[in-house]
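Numbering (this note's numbering), first residue to last: 34 to 197.
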């Protein structure tokens, strides 16, 4: 009689161990629930702040003007300002802009610093400094690619995935 019940007992003991482990795991999670909620709220707030730094589709033209005006305000001569096509990524689009500016070293440095201070995210890539053919008084020519980023809305994300 006992031999027939022994496998049932062993199965029940194994089930008990499994359930005990799951209970202990859930108990540890429950003990940290308030900390997890606070951390989630902080992450959501931080994400919202970062998201506001990405221009919307309608804000891109004014951002391009801001970048151009930043060069002029630094005293630079703008020789080339060519926005490229938008490159869709996972949840954002990359907007590269090819720029050529000429001016003194300090004017160029001021431009880079002022671009970094813009309220929207703009990164500088592929910087090249050279002396122009007709060098005059410390003038330099800087070629660079400025990239800004735009958050893709729900319908755009799916369209971008189909293109990749």
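Using N, Cα and C, we set each Cβ at its ideal position, and we do this for glycine too.
Selection from the options that minimises the alpha carbon distance to residue i
i: residue 178; options: 185, 161 and 170; result: 161
i: residue 172; options: 71, 135 and 154; result: 135
i: residue 213; options: 139, 124 and 93; result: Examination of residue 213 is not possible in this model, given that the chain is present from 34 through 197 alone.
i: residue 121; options: 36, 61 and 185; result: 185
i: residue 127; options: 167, 64, 157 and 70; result: 157
i: residue 141; options: 104, 70 and 69; result: 104
i: residue 207; options: 73, 107, 63 and 82; result: Since the first residue shown for the chain is 34 and the last is 197, residue 207 is missing from the structure and cannot be characterised.
i: residue 170; options: 138, 153, 159 and 152; result: 138
Residue range of the beta strand (DSSP E) that includes residue i
i: residue 129; result: 125-136
i: residue 160; result: 155-163
Neighbour-count burial assignment, residue i, 16 or more Cβ in a 10 Å radius
i: residue 80; result: exposed
i: residue 39; result: exposed
i: residue 240; result: The question about residue 240 has no answer, for the chain in this structure spans 34 to 197.
i: residue 183; result: buried
i: residue 60; result: exposed
Beta-carbon gap between residue i and residue j smaller than 8 Å
i: residue 113; j: residue 133; result: yes
i: residue 58; j: residue 181; result: no
i: residue 148; j: residue 100; result: yes
Endpoints, alpha helix (DSSP H) assigned at residue i
i: residue 63; result: 35-64
i: residue 14; result: This structure gives no information on residue 14, because the portion of the chain shown stretches from 34 to 197.
Residues bridged to residue i [DSSP beta-bridge criterion]
i: residue 183; result: 126
i: residue 80; result: Paired residue(s): none; residue 80 is not in a bridge.
i: residue 115; result: 131
i: residue 145; result: Looking at the DSSP assignment, residue 145 forms no beta bridge with any residue, so it has no partner.
i: residue 140; result: None, per the DSSP bridge assignment.
i: residue 110; result: 135
i: residue 176; result: 133 and 161
i: residue 121; result: 126
Residue-level contact to chain C via CB, residue i, 8 Å cutoff
i: residue 179; result: The displayed structure is made up of one protein chain only, and chain C is not part of it.
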